[in-house]
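Engineer:
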Amino acid sequence: MNTRSISFRLVTWYAGLLAGIFVLLCAVLYLDLRHFLVNDLRQSQSRRTRQIANTLLVHVKQTGEATVASQTKDWYEPEVNDRFIRITRADGTLVYVSGTPKDGSFDPAEIPVFPPSSETEFSRQLKLSGGSTLLIAALNFKSSGNPDYLVEFGSLLDPVETMLNHLFLQLALGLPLAVIIITVGGYLLVRRALTPVEQITRAAERITQFNLSERLPVANTGDELERLSLSLNRMITRLDDAFQNSKRFVADASHDLRTPLTILRGELESFAADARLDAELRDRAGSMLEEVVHLGKIVEQLFTLSRLDAGEAQTEWTRFDLTELAKTTVEQMSLLAEDKGISIACDASEPAPVKGNRVRLKQVVVNLLDNAIKYTPTKGAIHLRVLAVNGHAVLEVADNGIGIPPDALPHIFERFYRVDQARSAESESAGLGLSIVKSICTAHGAEVDAQSTVGTGSCFRVRLPLNKN
Ligand code: ADP
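For the working numbering, add 67 to where a residue sits in the sequence shown, where the first one is 1.
1. Out of 434, 394 and 438, which has the shortest C-alpha to C-alpha gap to residue 417?
2. Would you call the CB atoms of residue 128 and residue 212 closer than 8 Å?
3. Taking the C-alpha atoms as reference points, what is the distance between residue 437 and residue 334?
4. State the DSSP-derived secondary structure class of residue 304, mapped to helix, strand or coil.
5. Check each candidate in 134, 221, 497 and 194 and name the one with the smallest Cα separation from residue 168.
6. CB-CB under 7 Å to residue 159, same chain, minus the five flanking residues each way: which ones, in chain order?
7. Which runs of the alpha helix (DSSP H) fall wholly inside the segment 325-407 and span at least 4 residues, in chain order?
8. Taking 6 Å as the limit between beta carbons, can you name the residues of its chain near residue 454, skipping five residues before and five after?
9. If you measure between the beta carbons of residue 485 and residue 502, is that distance less than 8 Å?
10. Hey, residue 409 and residue 449 are a contact pair by Cβ (cut 8 Å); roughly how many whole angstroms apart?
11. Output the boundary residues of the beta strand (DSSP E) element that contains residue 200.
12. I'd like the span of the beta strand (DSSP E) that includes residue 410, first residue to last.
13. When the Cα of residue 411 is compared with those of 498, 368 and 398, which residue comes out closest?
14. Using beta-carbon positions only, say whether residue 469 and residue 423 come within less than 8 Å of one another.
15. Grab me the residues of residue 445's own chain with a C-beta within less than 6 Å of its C-beta, minus the 5 sequence neighbours each way, in chain order.
16. Run the CB neighbour count on residue 134, radius 10 Å, all protein chains shown included, and call it buried at 16 or more, exposed below.
17. Alpha carbon to alpha carbon, how far is residue 226 from residue 68?
18. Extract the residue ranges of the alpha helix (DSSP H) inside the segment 115-176, only unbroken runs of 4 or more that lie entirely within it.
19. When you compare only the Cα positions, how much space is there between residue 80 and residue 254?
20. Given the structure, does residue 479 come close to the ligand ADP, in the sense that its CB is under 7 Å from one of the ligand's heavy atoms?
21. Keeping to the same chain, check which residues put their C-beta closer than 7 Å to that of residue 324; ignore five residues upstream and five downstream.
22. Measure the C-alpha to C-alpha separation of residue 153 and residue 82 and round it to an integer number of angstroms.
23. In the DSSP assignment, find the unbroken alpha helix (DSSP H) run with residue 506 in it and report its ends.
24. Using 10 angstroms around the beta-carbon of residue 434, count the other beta-carbons present and answer buried if the total reaches 16, otherwise exposed.
25. Secondary structure at residue 181, three-state DSSP: helix, strand or coil?
26. Helix, strand or coil: which one does DSSP assign to residue 75?
27. Indicate the three-state DSSP secondary structure (helix, strand or coil) for residue 446 in the structure shown.
28. What are the boundary residues of the beta strand (DSSP E) that residue 192 is part of?
29. Exposed or buried, residue 102, counting other C-beta atoms within 10 Å across all chains shown (16 or more means buried)?
30. By how many angstroms is the C-alpha of residue 498 removed from the C-alpha of residue 492?
31. When you compare the segment 88-100 with the segment 189-207, are there three or more beta-carbon pairs, one atom per stretch, that lie closer than 8 Å?
32. Taking the straight line between their C-alpha atoms, what separation do you get for residue 157 and residue 219?
33. Would you call the CB atoms of residue 206 and residue 116 closer than 8 Å?
34. Over the uninterrupted alpha helix (DSSP H) stretch that includes residue 429, give me the two end residues.
35. Count the other CB atoms, across all protein chains shown, that sit within 10 Å of the CB of residue 112; report buried if there are 16 or more and exposed otherwise.
36. CB of residue 515 to nearest heavy atom of the ligand ADP: below 7 Å?
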């Protein structure tokens with residue numbers, strides 16, 4: 068899973084935020100409910116203490132304390148209802164205390180007397196030895212003409228605690244479940260919303276200089292993604308126009324330069340060969356001729372590139388054997404190599420059927436061999452191999468020439484790039500040979516790469532899909 072993807076980050080934030088809000092809400096709900104229930108119980112107990120005071124103690128002078136005690140027991144039945152009731156005089160002596168409740172949850176005799184308080188009504192919570200909590204509300208009864216009494220009314224907090232624990236358990240289980248469901252749902256929604264982005268990315272990956280007329284898919288959703296794909300499509304249109312203009316310019320310029328250069332070349336050739344002219348003039352015509360020939364080569368290469376840019380290599384495809392093509396090319400070029408005292412070994416025996424533009428693929432072999440010859444000193448050796456490996460035809464041209472420095476290696480396939488002017492000037496190069504190779508390979512879905520060590524040699528490798536049927 069890509070942790071830096073928009074969907075992952077969006078869902079993580081959203082799930083984290085939701086979980087935080089849920090935990091906060093549940094905590095507020097739990098604490099609020101607890102406060103409400105305990106308060107409610109306390110108020111109902113306070114009411115009871117007031118009832119005892121206002122209905123029984125207020126008449127204690129007439130009825131006597133024993134009647135108050137027995138009536139309290141009859142009315143409230145504290146033992147049956149698991150309640151605690153105690154009435155004490157101001158000096159702390161007992162008037163009445165309820166008995167042990169039926170469930171035996173506490174022993175009233177063990178409950179300490181309230182410390183004296185100046186307040187009329189107050190309450191406290193008492194932790195019992197069995198773990199339960201007793202909530203006791205108390206009332207200081209003062210009435211003119213009657214003695215003072217302290218009335219206490221208590222009941223266990225256990226039912227409230229049980230209910231709160233149950234709620235806590237439900238929240239603790241339900242909350243993660245809710246967060247998981249919401250997260251998965253959110254993830255699916257985000258993925259769905261981002262599907263057009265995936266489609267746009269895939270389509271954008273497919274667009275190269277050869278199919279700049281293609282456009283990205285536009286989903287008619289009226290949202291930001293529709294606007295984005297429309298904007299990108301307008302940008303591709305502008306790029307396409309600029310690219311077409313520059314291609315047209317190079318094509319027109321190189322085409323229009325060919326004829327005057329041919330004429331110039333012819334004129335200079337006749338000057339250089341004209342015996343009527345003096346020797347110095349002929350020499351100068353000869354060196355001018357060299358420059359014109361060099362210029363002619365560059366114009367030819369530019370013209371080739373412009374035709375390749377126009378998709379020429381993608382036409383006139385035939386099925387042929389790369390091994391056989393390589394062998395004939397080696398034969399044709401061995402004369403050039405021999406002139407420099409360089410040997411070419413050809414290791415191509417197994418057939419390697421491929422499909423493509425034969426003329427242009429031959430140019431790949433020619434350019435690689437030509438470079439190997441150019442950049443290998445006299446008595447050097449060139450080794451050409453053709454193999455069929457893993458569904459690919461591999462063409463390798465290796466030499467033991469001057470090599471290419473590591474910092475130059477990534478740039479050698481760029482147009483007009485020459486490793487260093489000094490060594491290329493001798494060989495009248497323009498830095499276009501390998502860009503032509505690259506362009507032809509790209510048009511054939513082939514890969515080309517180079518490995519080289521300065522002073523040891525270079526090896527160029529072309530990988531072309533095999534065509535077996
Ligand atoms: P050029 O026409 O100048 O040879 P290329 O595009 O064919 O241009 O090659 C680019 C550069 O890569 C050249 O300037 C050259 O220095 C270097 N190069 C290409 N092939 C070889 C080779 N076999 N050995 C050493 N250097 C090479």
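Even glycine gets a Cβ: it sits at the ideal position worked out from N, Cα and C.
Structural biologist: Short version:
1. The alpha carbon of residue 417 has as its nearest neighbour, out of 434, 394 and 438, the alpha carbon of 394.
2. Here residue 128 is near residue 212, since their CB atoms are less than 8 Å apart.
3. 28 Å
4. DSSP, reduced to helix, strand and coil, places residue 304 within a helical segment of the structure shown.
5. 221
6. 180
7. 346-376 and 389-406
8. 461
9. no
10. 6 Å
11. 200-208
12. Per DSSP, residue 410 belongs to the beta strand (DSSP E) from 410-414.
13. 398
14. no
15. 407 and 408
16. exposed
17. 48 Å
18. 127-130 and 132-143
19. 11 Å
20. It does: the Cβ of residue 479 is within 7 Å (strictly closer) of some heavy atom of the ligand ADP.
21. 366
22. 54 Å
23. 500-510
24. buried
25. coil
26. helix
27. coil
28. Element bounds for residue 192: 188-194.
29. exposed
30. For residue 492, the predicted model reports a pLDDT of 47, less than 50, meaning its position is unreliable and no value from the coordinates is stated.
31. no
32. 13 Å
33. Going by C-beta atoms, residue 206 is nearer than 8 Å to residue 116.
34. 425-441
35. buried
36. Not so, every heavy atom of the ligand ADP lies at least 7 Å from the Cβ.
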